[in-house]
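Reading through the structure tokens given below for one structure.
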Amino acid sequence: MPATAKEDKSKSSKKTTATTAAKKSSPKRKKSKVKKDLVIVESPAKAHTIEKYLGRKYRVIASKGHIRDLPKSQMGVDIDHDYQPKYISIRGKGDTIKELKAEAKKANKVYLASDPDREGEAIAWHVAHVLGLDEKEANRVTFNEVTKDAVKDAFNHARTIDMDTVNAQQARRVLDRLVGYSLSPILWSKVKKGLSAGRVQSVALKLVIDREKEIKAFKPVEYWTIDAEFAKGKDKFQASFYGEEGKKTELPNNEAVQKLLAKFDKKQPFTVSKVVKREVRRQPAAPFTTSTMQQEANRRLNFRTSKTMNIAQHLYEGISLGKEGTVGLITYMRTDSKRISPVARQEAAQFIVEEYGSDFAVKKERHFKNQGDAQDAHEAVRPTSVYRTPKSLEKVLTKDELRLYTLIWSRFVASEMTPAVFDTVRYDLTQNGVTFRASGSVMKFAGYTKVYDNRSEKNVALPALEEGDEVKLTKSDSKQHFTQPPARYTEASLVRALEENGVGRPSTYAPTIQNIQSRNYVKLEGRAIVPTELGEIVDGLVEQFFPDITSVDYTAKLEDELDEVEEGKKDWVSVVDQYYKPFSKELEKADSEIQKIQIKDQPAGFDCEVCGAPMLVKMGRYGKFYGCSRFPDCRHTQTIVKKVGVTCPKCGEGEVLEKKSKRGRKFYGCSRYPDCDFVSWDKPISRVCPHDGHFLVEKKRKDGMVVLCPNGDYKEEPREEQGEAAE
């Protein structure tokens, strides 16, 4: 019999009451939180990018670089017990370590995703030690690019920490500490407080000073050239004197020129004695390594090496691209490999065909040879996707980021393109055994130059001539020249010299150059690196008493041995021991034999405006300055300003002074500042423009020093500079 509606309601009411009672009597169940996997990277920017790729099951935080290191207050190396380093937590990293420990305690598993190099491996090892992680656990992940696919793939191939790589870093760190903390106190006591000497920086300084010695010892040699204009009918073209009787001949002086000019008749025709036609195929350069990227950024963009690396780090760690999210735009920027992954090569080929046509895509896989001691763990520096063209990133990158990215993108795309093809022709024009030579080149196919061209060649078309044709000499001009001394190093050429000599690694080039500048061992004049008096004193002492430290070959050999430690072929303690033992003997000798060197203060020639005592030219950490002779009773100082010898063109009262901006760039301003706000990046001279009366300036160009009007309506021919041309 079916239940009535009243009965149903009564049953329902009882059921509800029973359920409510059950709810009240049973304890409340807490929602169980699923433990996340913790990922530790080096930088917050990288953490932000990676967390988006990995999703909710992961928590990504940053160690913000190293968390442990040797103490600054002492040597921190136990020389008597196998050079064991005494690591301590870095001051200021307490909160970071506390956060790492707290998050690790809550985590299901901890992954260590610091950078894929020696320093990154060491950071992972130090973090693992602080957190008490099992070294045998596969918790180390590395990726060459910060993209979604690369990061996810890395987590599928987690490994244990590579102790051979860690030990290579430890060996370098311990040796650098032993050398630096042993040499520096000697310099403090014998020369000046605050000085330092290090392993790699001593070699870099020596290279700069040896180049300066070459420049000072250089003796110019006179030589002459003869340029000529020839004509075939209405076609005119240029040629230069080559030699006599088919052999190249030098013209050492004007007497030789006059003798030569007497050997041929300017009114008589010259005969085309030889025609050489060739098709020349010019291959593209390899994609960037750290070194070549720093060199090209310095040469093309005028970036300091440190600036290049800072921008590259930002591009690697990730840039917000709006809807696409945060993406790493380039591969890891500390590398000496020219290798390219098959996937990147395939994508580049597809892009080139779509954008420029199949004729521009290289048909056969191109391989660039690495330098002998290059580590091939990483790829070359390249864009993570060629489809992210510089134009597509104009709205999301800063001006300097876009300039560097464009350089990296263009260089990589070009490296996967076909050669540029040129038709070249060479004519030898002869009369009475005297030969002039004309060379022409016309681009036949642009190839990779469509994207990236690192040469400033122009098409030089010559008229079509055959052997036996006669041409007329219409003009000739002989010029005197003198051989130039070797150019001073620029940051770009010093990086190249360090790399070619096997000194340092990609991660050390920029800090080394920055170090010798910050210590006032060298200074920048334009782009040229010039040693200071202090630098010459320090180099002289180190070279005299520690010849191995300044030896290029010695330092390069050590780099090779560190590579062998990383490869598991050598024990790091034995490598440190074989270098430190002879060095320690040199230390004892140096401490007893080096005489104290006084860097004497020179009279400034004027009195202190505070107390009236004579002012002196003093040497400080950042260069020379004026200081009161009554120091420390009077602490008045003045910056040394260089007078240009020109009256201010704006106010007509003050003098133009050479000054330096906060970033070290040279500029010119009025001595009456702030009453007169005249300023110029280019050096004003005492002459005015013949067209508009504006003051003229001197501007340094690749072809020499040019005098011109800033308004652009007057320019003089460039004149050659002696010895300071930047490469």
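Numbering-wise, the UniProt record's numbering puts 620 at position 620 of the sequence shown, and it's gapless, one number per residue. The beta-carbon is built from N, C-alpha and C at its ideal position, and this holds for glycine as well. Since this is a predicted model, take the numbers as computed values, not measurements.
Legend entry - According to DSSP, residues forming a beta bridge with Lys-715: As a first step, residue 715 must be located in the sequence shown, where it is residue number 715. Partner(s): Leu-708.
Where the alpha helix (DSSP H) through Thr-580 begins and ends: Position 580 of the sequence shown, counting from 1, holds the residue named residue 580. Per the sequence presented here, residue 580 reads as Tyr, with Thr not at that position. Looking at the DSSP string, the run of the alpha helix (DSSP H) that includes Tyr-580 is 572 to 593.
How many Å lie between Ala-613 and Arg-304 at the Cα? Locating residue 613 in the sequence shown gives position 613, counting from the first residue. Locating residue 304 in the sequence shown gives position 304, counting from the first residue. Cα to Cα, Ala-613 sits roughly 41 Å from Arg-304.
Fill in: Any alpha helix (DSSP H) of 4 or more consecutive residues that is wholly inside the UniProt domain "Toprim" (36 to 146)
44 to 54, 94 to 106 and 118 to 131
Note to self: On the CB-based measure, 16 or more other CB atoms within 10 Å of its CB, does Asp-117 come out buried or exposed?
What the structure shows: Counting from one through the sequence shown, the residue named residue 117 turns up at place 117. The residue in question, Asp-117, is buried, as its Cβ has 16 or more Cβ neighbours within 10 Å.
Every unbroken beta strand (DSSP E) within the stretch 295 to 341, with a cutoff of 3 residues, ordered by chain
none
**Asked** Mind checking Thr-331: buried by the 16 CB within 10 Å criterion, or exposed?
**Response** On the sequence shown, position 331 is the one that residue 331 refers to. It counts as buried.
Item to check | Length of the line joining the Cα atoms of Gly-92 and Cys-648 | outcome: The count along the sequence shown starts at 1 and reaches residue 92 at position 92. The count along the sequence shown starts at 1 and reaches residue 648 at position 648. So the alpha carbons of these two residues sit roughly 50 Å apart.
Original post:
Just reading off the beta strand (DSSP E) that Asp-682 is part of, what are its end residues?
Top reply: Locating residue 682 in the sequence shown gives position 682, where the first residue counts as 1. No beta strand (DSSP E) contains Asp-682, which DSSP labels as neither H nor E.
What is the DSSP secondary structure of Arg-527, reduced to helix, strand or coil?
For the purposes of this step, residue 527 is identified with residue 527 of the sequence shown, where counting begins at 1. It is coil, neither helix nor strand.
Unbroken beta strand (DSSP E) run spanning Pro-603, endpoints
As a working mapping, residue 603 is identified with position 603 in the sequence shown. First-last of the beta strand (DSSP E) with Pro-603: 602 to 607.
Glu-255: first and last residue of the uninterrupted alpha helix (DSSP H) it sits in: Counted from its first residue, the sequence shown places residue 255 at position 255. It spans 254 to 261 - the alpha helix (DSSP H) in which Glu-255 sits, taken as one unbroken run.
| Span of the alpha helix (DSSP H) holding Gly-180? | The residue you call residue 180 lines up with position 180 of the sequence shown. Start and end: 163 to 190.
Pairwise C-alpha distance: Ala-492 and Arg-299: Within the sequence shown, residue 299 is the residue found at index 299, counting from 1. Within the sequence shown, residue 492 is the residue found at index 492, counting from 1. Those two C-alpha atoms are separated by around 7 Å.
Backbone CA spacing between Ser-291 and Arg-496 [nearest angstrom]
Working through the sequence shown from its first residue, we reach residue 291 at position 291. Working through the sequence shown from its first residue, we reach residue 496 at position 496. Their Cα atoms are separated by approximately 7 Å.
Exercise for review: State the DSSP-derived secondary structure class of Ser-518, mapped to helix, strand or coil.
Suggested key: As a first step, residue 518 is located in the sequence shown; it is residue number 518 there, counting from the start. Three-state result, Ser-518: helix.
### Query
Using a Cβ-Cβ cut-off of 6 Å (strictly less than) and excluding sequence neighbours within five positions of Phe-264, which residues of its own chain qualify?
Within the sequence shown, numbered from 1, the residue matching residue 264 stands at position 264. Same-chain partners within the cutoff: Gln-431, Asn-432 and Val-434.
**Prompt:** In chain order, which beta strand (DSSP E) runs of at least 3 residues are fully inside the stretch 426 to 485?
**Reply:** 434 to 445 and 470 to 482
Practice item. Could you tell me whether the stretch 99 to 111 touches the stretch 134 to 142, where touching means 3 or more Cβ pairs closer than 8 Å? Key: yes
- Between which two residues does the alpha helix (DSSP H) harbouring Tyr-673 extend? Within the sequence shown, numbered from 1, the residue matching residue 673 stands at position 673. First-last for Tyr-673: undefined, no H or E at that position.
Considering Gly-645, what are the terminal residues of the beta strand (DSSP E) in which it resides?
Counting from one through the sequence shown, the residue named residue 645 turns up at place 645. 642 to 647 is the span of the beta strand (DSSP E), which, as asked, contains Gly-645.
(request) Just mark Ser-26 as buried or exposed, buried being the case when its beta carbon has 16 or more other beta carbons within 10 Å. (result) Start at 1 with the first residue of the sequence shown, and residue 26 comes out as number 26. Residue placement at Ser-26 cannot be trusted, given a pLDDT of 48 that sits under 50; what the coordinates show is reported in the next sentence. Around the beta carbon of Ser-26, fewer than 16 other beta carbons sit within 10 angstroms, so the residue counts as exposed.
Boundaries (first-last residue) of the alpha helix (DSSP H) holding Val-565: Taking the sequence shown and counting its residues from 1, the one referred to as residue 565 is at position 565. Counting along the chain, the alpha helix (DSSP H) containing Val-565 begins and ends at 552 to 566.
Handout entry: Delimiting residues of the alpha helix (DSSP H) encompassing Gln-544
Key = On the sequence shown, residue 544 is found 544 positions in, with the first residue counted as 1. Start and end: 533 to 545.
(request) Hey, could you find the ends of the beta strand (DSSP E) Tyr-223 is sitting in? (result) Position 223 of the sequence shown holds residue 223. Per DSSP, Tyr-223 belongs to the beta strand (DSSP E) from 222 to 232.
Who are the Cβ neighbours of Ile-209 in its own chain at under 7 Å, not counting the five residues just before and after it? Translated into positions along the sequence shown, residue 209 becomes position 209. Pro-531, Gly-535, Glu-536 and Asp-539.
* What residues in its chain sit with their C-beta under 8 Å from that of Lys-136, if we drop five residues either side in the sequence? -> Against the sequence shown, residue 136 aligns to sequence position 136. The residues Thr-160, in chain order, have a CB closer than 8 Å to that of Lys-136 in the same chain once the five nearest residues on each side in sequence are set aside.
- Query: Quick one: Cα of Val-421 to Cα of Leu-498, how far?
  - Reply: Counting from 1 along the sequence shown, the entry for residue 421 is found at position 421. Counting from 1 along the sequence shown, the entry for residue 498 is found at position 498. Cα to Cα, Val-421 sits roughly 33 Å from Leu-498.
Inset, instruction - Measure the CB-CB distance between Arg-68 and Ile-90 and report whether it falls below 8 Å. - result: As a first step, residue 68 must be located in the sequence shown, where it is residue number 68. As a first step, residue 90 must be located in the sequence shown, where it is residue number 90. Between Arg-68 and Ile-90, the C-beta spacing is below 8 Å.
Note to self: Does Phe-218 come out as helix, strand or coil in the three-state DSSP assignment?
What the structure shows: Here residue 218 refers to the residue found at position 218 when the sequence shown is read from its first residue. It is coil, neither helix nor strand.
Q: Report, in whole angstroms, the separation of the C-beta atoms of Val-381 and Met-309, which I expect to be a contact under 8 Å.
A: One-based indexing of the sequence shown puts residue 381 at position 381. One-based indexing of the sequence shown puts residue 309 at position 309. The Cβ separation is near 11 Å, so there is no contact.
* Could you have a look at Lys-699 and say whether DSSP puts it in helix, strand or coil? => Along the sequence shown, one-based indexing puts residue 699 at 699. Three-state result, Lys-699: strand.
With DSSP collapsed to three states, give me the class of Tyr-668.
In the sequence shown, counting from the first residue as 1, residue 668 sits at position 668. DSSP places Tyr-668 within a strand segment (E or B) once states are collapsed to three.
Look at the Cβ atom of Gly-328, then the Cβ atom of Thr-147, and state whether they are nearer than 8 Å. Working through the sequence shown from its first residue, we reach residue 328 at position 328. Working through the sequence shown from its first residue, we reach residue 147 at position 147. Less than 8 Å divides the Cβ of Gly-328 from the Cβ of Thr-147.
- Item | Local Cβ density within 10 Å of Cys-709, reported as buried at 16 or more and exposed below that | Position 709 of the sequence shown, counting from 1, holds the residue named residue 709. So Cys-709 ends up on the buried side.
Taking 8 Å as the threshold (C-beta atoms), are Val-272 and Glu-467 in contact?
Looking up residue 467 in the sequence shown gives position 467. Looking up residue 272 in the sequence shown gives position 272. Result yes, Cβ atoms of Glu-467 and Val-272 sit closer than 8 Å.
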